[in-house]
Amino acid sequence: MSGACILEVKGLSIKFGDFTAVDNVSFCVDRGEIFGFLGANGAGKTTTIRMLCGLLAPTSGSALVGGLGFEDGGLGIKKIVGYMSQKFTLYNDLTVGENLDFAAGLRKLEPSYAKKRRKELFELIAFDKPLSSMVSSLPGGIKQELALAVSMLHDPEIIFLDEPTSGVSPASRARFWALIRRITGLGKTVIVTTHYMDEAEQCGRIALMRAGRLIALGSPEELKKSAFSGPMAELDFKGAESSQFISGLEKAGGLLELSPHGMRWHAAFKDKAAMDAALSALPASASAALIKPSLEDVFIRLVEGTER
Amino acid sequence: MKYFNIHRAYSIARKEVMHILRDPFTLALALGLPVMLVTFFGYAIDFEVKDINLTISDRDNGTSSRRLKEIFAASGYFHLVEPGQAGPVEMLDSNRASAALFIEPDFSKKIKGGSRAMAQFVLDGSDNSKAAAVMGYLPGIRRAAQIRMAGMPPRERLSAETRFLYNPELNSRWFTVPGLAAIIIGLLAILLTALTVAREWENGSMELLLSTPVRPFEIIAGKLAPYGILVLAGVSFVYLVSRLVFGVPFAGSHLLFLAACLLFITAALSQGLLISVLTRQQQVAMQFSMIGGLLPSMLLSGFIFPVESMPAFFQYLTMLLPPRWFMAAARGITLKGADLGELAVPFLALGLLSAGMLALAIKKFKTDLE
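Protein sequence lines, in the order shown, are assigned to chains G and A.
Quick note: the first sequence uses numbering that gives the first Met the number 0, first residue 0, plus one each step.
Quick note: the second sequence uses numbering that gives the first Met the number 0, first residue 0, plus one each step.
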C-alpha cells in the first residue's frame with residue numbers, strides 16, 4: 000500500500016502542554032490527488048499541515064512525506080514540499096521579482112534554474128505584470144496566485160495550501176481552484192485546507208477533522224453515502240406554522256438529522272418508510288422535495304451534529 | 000558547512016536592505032537620529048552655564064566696587080541686570096535674576112586701607128546643577144579681583160592649584176559627544192532589530208522563512224548584519240562631526256574604539272532580537288526598546304549622571320548594562336588615549352555581556368521556532 004502513497008501518515012499526534020491539538024491521525028495520499036482537510040477553526044487542520052511540512056515536530060506517530068521522515072528535524076521534508084500558509088507570506092514592500100529572488104536565494108536555486116522556473120510558473124498562473132511591480136499594488140487574488148508560485152519555485156512534488164482562498168473574491172477563488180487542478184494535472188500532489196463547502200466538493204478526497212481527530216475520510220460522494228444511509232427531504236413551510244410539526248418530527252423514530260437551512264429545513268431519515276410516515280403529517284400549505292445531501296449536510300451531521 | 004550557509008544569510012541580508020531602503024520610518028530614524036543627537040548635544044544642550052542674570056546692590060559706589068562689577072561682567076559668565084525699583088531679593092524671587100551681589104558701604108575705603116573688604120554673593124539654589132556650576136566660577140573671579148584691586152595675588156601659605164587633565168577647559172562637548180555613540184548604538188540597534196523580527200512575525204512571512212530549509216543562525220546573521228552596518232555608519236557620522244565640527248580630540252586607538260563599538264553593537268542587536276522574539280509585535284517591541292535601549296544608555300551609563308554618584312543599588316545595576324562599560328571605554332579611548340590594558344575591565348565586561356546576550360537571544364529564537 001505504501002508504494003502508491005506519496006504521503007503516508009500513521010498515528011500522528013502533537014501535544015502542546017496538556018492540549019492535544021492533533022490526536023492519532025492516520026491517512027494516505029496518492030500522487031496527483033487533491034486532498035482536502037475540512038473542519039472548523041481549531042480542529043487541527045493547520046497543525047497537521049505544519050507538521051507535514053516539517054515546521055512542527057510531532058509528539059508521537061510517524062509520517063513519510065515523499066519518502067522522508069522527521070529524523071533530520073524536518074529539513075529534508077522542507078526541501079521537497081511547497082507550503083503556502085494562511086497568512087499572506089510575501090513581502091508587500093518588495094517587487095514581484097525581489098520576492099521570487101528571495102525565495103530562490105533561501106532555497107539556493109541556481110539563477111538560471113530559478114529564471115526558468117519563474118517563466119514556467121508565470122505561464123501556469125497566467126501572470127503578465129512586470130517583475131518590477133510592487134506586490135502591494137497587486138489585487139488580492141493575484142497576490143494569492145503569486146504566493147502559490149513562490150511556494151512552487153523549487154518544483155516540489157507535494158504542495159500544502161493552508162486556506163489559500165480566505166479573503167479573496169468568489170471569482171478569484173474559482174480561478175485559484177482551476178489553478179490547483181492544473182497543478183495536479185502536472186502530476187503534483189496538493190493538500191489543501193478549507194472551510195468552504197464548494198471548495199471541498201472539488202477535492203478528490205476529504206479528511207473531516209474535529210477536535211484534533213480525523214472523524215471521516217473519503218471522496219465527497221462516499222462521505223455523503225456513509226453519513227446518510229436513507230433519503231433526505233427539504234421541507235418548505237412557505238410561511239405556515241411549523242413549530243408543532245417540527246417538534247413532532249423530532250419525537251418520531253427514523254429521523255437521523257434535522258437542520259435549518261435559511262427558511263427551509265433539511266430532514267434525513269433512516270429509510271424511505273420512515274420518511275413517508277413522517278411527511279404524511281406535513282401541513283397542507285407546506286411542501287417537501289427529495290434532495291441529495293450536500294457536503295454541508297455531511298459536515299453538520301458528522302462534525303457539529305449531536306448524536307441521536 | 001552544515002549549519003550555516005552564507006548564501007542564504009546573504010539572501011536575507013539583501014532583502015533586509017531593500018526593506019530599509021523602502022521604509023521611510025527606518026531610514027528617517029537611522030539617518031535622522033544621529034544628526035538630531037549631535038545637534039542637540041553639540042549645540043543646544045550645553046552643560047556650561049553662561050549668561051547668568053546677576054543683579055548688584057552696590058552700597059559703596061566707589062572705584063573698587065565698580066571694578067568688581069566689571070570683573071564679574073568681563074568673566075563672560077554673567078549678565079548684569081539693574082535691580083531697578085525692586086530690590087535684589089525681589090529680583091531673585093521673581094526669577095529676573097539668578098544671582099545677586101551685595102557690596103558693603105565702605106568697600107572701596109577698606110580696599111584702599113588694606114583691610115578686609117566684604118561682598119556677599121547670593122545664588123538661587125533652586126536649580127542645583129546651575130548653582131554648582133556657578134560656584135565653580137567664583138574662586139577664579141575672586142582671584143582675578145584680588146590681583147586687580149590689591150595688585151597682587153593673595154598671600155597664602157599653602158595654595159592648591161587645580162589643573163584638569165585630558166579636557167583642560169572642561170569643555171562639555173568633549174565629554175558628551177563621544178558618549179553619543181552609546182546612545183546611537185543603544186537606541187538604533189535595539190529598536191531597529193526589535194522591529195524587523197517582530198514585523199516578520201506580524202506579517203506571517205516568518206512562516207515562509209521557516210518553511211524553507213533556512214536555519215535559525217542564517218536568519219539571525221542575515222537580519223543583524225545590515226543593521227549592524229547601519230548603526231556603525233551612524234557612529235562614524237558622530238565621530239566625523241565631533242572631530243571636524245566640534246574639534247573633539249581623539250587621543251587613543253581607532254581600532255580599539257571600533258572593537259568597543261562592535262562589542263556594544265553585538266550586545267544591542269542581541270537585545271533587540273530578544274525583545275523581538277519575546278514580544279512578536281512591533282508596537283510592544285518599540286515600547287520595550289525605548290525603555291530597554293534608551294533609558295540605560297541615557298541615564299544609567301554615566302552619559303549624563305556620573306555612575307559614582309548613583310545610589311549603591313544603581314551602581315551595581317549599571318554593571319549589568321553594556322552601555323555603562325561602553326561609555327567608560329569610549330571616553331577612556333577618545334579623551335585619555337587609554338590602551339587595552341587600562342581598559343581591561345570595561346572590555347572584559349562588555350565582551351561577557353555581549354556574548355551572554357547573544358547566546359540568550361539565539362537560544363530563545365531557536366526554541367521559539369521549534
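Even glycine gets a Cβ: it sits at the ideal position worked out from N, Cα and C.
Please read these numbers as outputs of a predicted model, since none were measured by experiment.
Of the choices the options, whose alpha-carbon is the least far from that of residue i?
| i | options | result |
| --- | --- | --- |
| residue 364(G) | 149(G), 242(G), 297(G) | Given that chain G is displayed from residue 0 to residue 307, the structure contains no residue 364(G) and the question cannot be resolved. |
| residue 341(A) | 38(A), 327(A), 350(A) | 327(A) |
| residue 128(A) | 286(A), 349(A), 49(A) | 49(A) |
| residue 164(A) | 362(A), 334(A), 276(A) | 334(A) |
| residue 317(A) | 297(A), 288(A), 95(A) | 297(A) |
| residue 142(G) | 191(G), 212(G), 181(G), 92(G) | 92(G) |
| residue 229(A) | 9(A), 16(A), 3(A), 5(A) | 16(A) |
| residue 13(A) | 48(G), 104(G), 231(G), 52(G) | 104(G) |
| residue 88(G) | 144(G), 17(G), 126(G) | 144(G) |
| residue 261(G) | 48(G), 40(G), 198(G), 235(G) | 235(G) |
| residue 231(A) | 199(A), 213(A), 265(A), 207(A) | 265(A) |
| residue 267(G) | 247(G), 291(G), 114(G) | 291(G) |
| residue 133(A) | 287(A), 80(A), 261(A), 76(A) | 76(A) |
| residue 9(A) | 219(A), 359(A), 195(A) | 219(A) |
| residue 96(G) | 31(G), 112(G), 117(G) | 117(G) |
| residue 24(G) | 76(G), 17(G), 57(G) | 57(G) |
| residue 91(A) | 271(A), 272(A), 125(A), 310(A) | 125(A) |
| residue 76(G) | 4(G), 85(G), 156(G) | 156(G) |
| residue 286(G) | 272(G), 241(G), 226(G), 86(G) | 241(G) |
| residue 188(G) | 30(G), 3(G), 14(G) | 30(G) |
| residue 25(A) | 321(A), 110(A), 193(A), 146(A) | 193(A) |
| residue 173(A) | 227(A), 245(A), 214(A), 147(A) | 245(A) |
| residue 153(G) | 48(G), 107(G), 227(G) | 107(G) |
| residue 243(A) | 199(A), 209(A), 41(A) | 41(A) |
What are the residues that DSSP puts in a beta bridge with residue i?
| i | result |
| --- | --- |
| residue 133(G) | 94(G) |
| residue 208(G) | 38(G), 213(G) |
| residue 82(G) | 159(G) |
| residue 33(G) | 189(G) |
| residue 15(G) | 18(G) |
| residue 284(G) | In DSSP, residue 284(G) forms no bridge with anything. |
| residue 53(A) | 79(A), 98(A) |
| residue 10(A) | Answer is none; residue 10(A) lacks a bridge partner. |
| residue 62(G) | 8(G) |
Check this for me: beta carbons of residue i and residue j, under 9 angstroms apart or not?
| i | j | result |
| --- | --- | --- |
| residue 280(G) | residue 254(G) | no |
| residue 205(G) | residue 37(G) | yes |
| residue 7(A) | residue 221(A) | yes |
| residue 61(G) | residue 69(G) | yes |
| residue 178(G) | residue 83(G) | no |
| residue 308(G) | residue 134(G) | Outside the shown range of chain G, which is 0 to 307, sits residue 308(G), and nothing can be said about it. |
| residue 106(A) | residue 67(A) | yes |
| residue 147(G) | residue 175(G) | yes |
| residue 57(A) | residue 108(A) | no |
| residue 263(A) | residue 324(A) | yes |
| residue 149(G) | residue 102(G) | yes |
| residue 240(A) | residue 176(A) | yes |
| residue 70(A) | residue 130(A) | no |
| residue 33(A) | residue 236(A) | yes |
| residue 99(G) | residue 113(G) | yes |
| residue 281(A) | residue 354(A) | no |
| residue 81(G) | residue 158(G) | yes |
| residue 225(A) | residue 5(A) | no |
| residue 250(A) | residue 349(A) | no |
| residue 20(G) | residue 211(G) | yes |
Thinking residue i and residue j are a contact (beta carbons under 8 angstroms), I'd like their distance in whole angstroms, please.
| i | j | result |
| --- | --- | --- |
| residue 357(A) | residue 269(A) | 4 angstroms |
| residue 185(A) | residue 331(A) | Incorrect: roughly 18 angstroms between the Cβ atoms, too far for contact. |
| residue 189(A) | residue 274(A) | 7 angstroms |
| residue 230(G) | residue 185(G) | So it is not a contact: roughly 40 angstroms between Cβ atoms. |
| residue 218(G) | residue 203(G) | 7 angstroms |
| residue 43(G) | residue 73(G) | Their Cβ separation, rounded to whole angstroms, is 18 angstroms, which puts residue 43(G) and residue 73(G) out of contact at 8 angstroms. |
| residue 183(G) | residue 295(G) | Actually they are not in contact, since the Cβ atoms of residue 183(G) and residue 295(G) sit about 24 angstroms apart, beyond 8 angstroms. |
| residue 135(A) | residue 191(A) | Contact doesn't hold; Cβ gap of about 40 angstroms is too wide. |
| residue 181(A) | residue 302(A) | 6 angstroms |
Comparing the CB of residue i with every heavy atom of the ligand NAP, is any distance shorter than 8 angstroms?
| i | result |
| --- | --- |
| residue 349(A) | Within the structure as shown, the ligand NAP is missing, as the structure has no ligands at all. |
Could you pull out every unbroken alpha helix (DSSP H) segment of at least 4 residues lying fully inside the segment 88-142 of chain A, listed in chain order?
Unbroken alpha helix (DSSP H) runs of no fewer than 4 residues, entirely contained in the segment 88-142 of chain A, are found at 106-112, following chain order.
Only counting runs of 4 or more residues, tell me where the alpha helix (DSSP H) segments fall wholly within the segment 222-278 of chain G, in order along the chain.
List check, alpha helix (DSSP H) in window: 242-250, 271-278.
Pick out the complete alpha helix (DSSP H) segments inside the segment 220-290 of chain A, 4 residues or longer, and give them in chain order.
Within the segment 220-290 of chain A, the complete alpha helix (DSSP H) segments of 4 residues or longer fall at 253-278, 281-288, listed in chain order.
Please list the segments of the alpha helix (DSSP H) lying wholly inside the segment 308-341 of chain A, counting only runs of 4 or more residues, in order along the chain.
As far as the segment 308-341 of chain A is concerned, its whole alpha helix (DSSP H) runs of at least 4 residues are 311-317, 321-330.
In chain order, what are the residue ranges of uninterrupted alpha helix (DSSP H) at least 4 long that sit wholly in the segment 174-222 of chain A?
Fully enclosed alpha helix (DSSP H) runs of 4 or longer: 189-202, 204-209.
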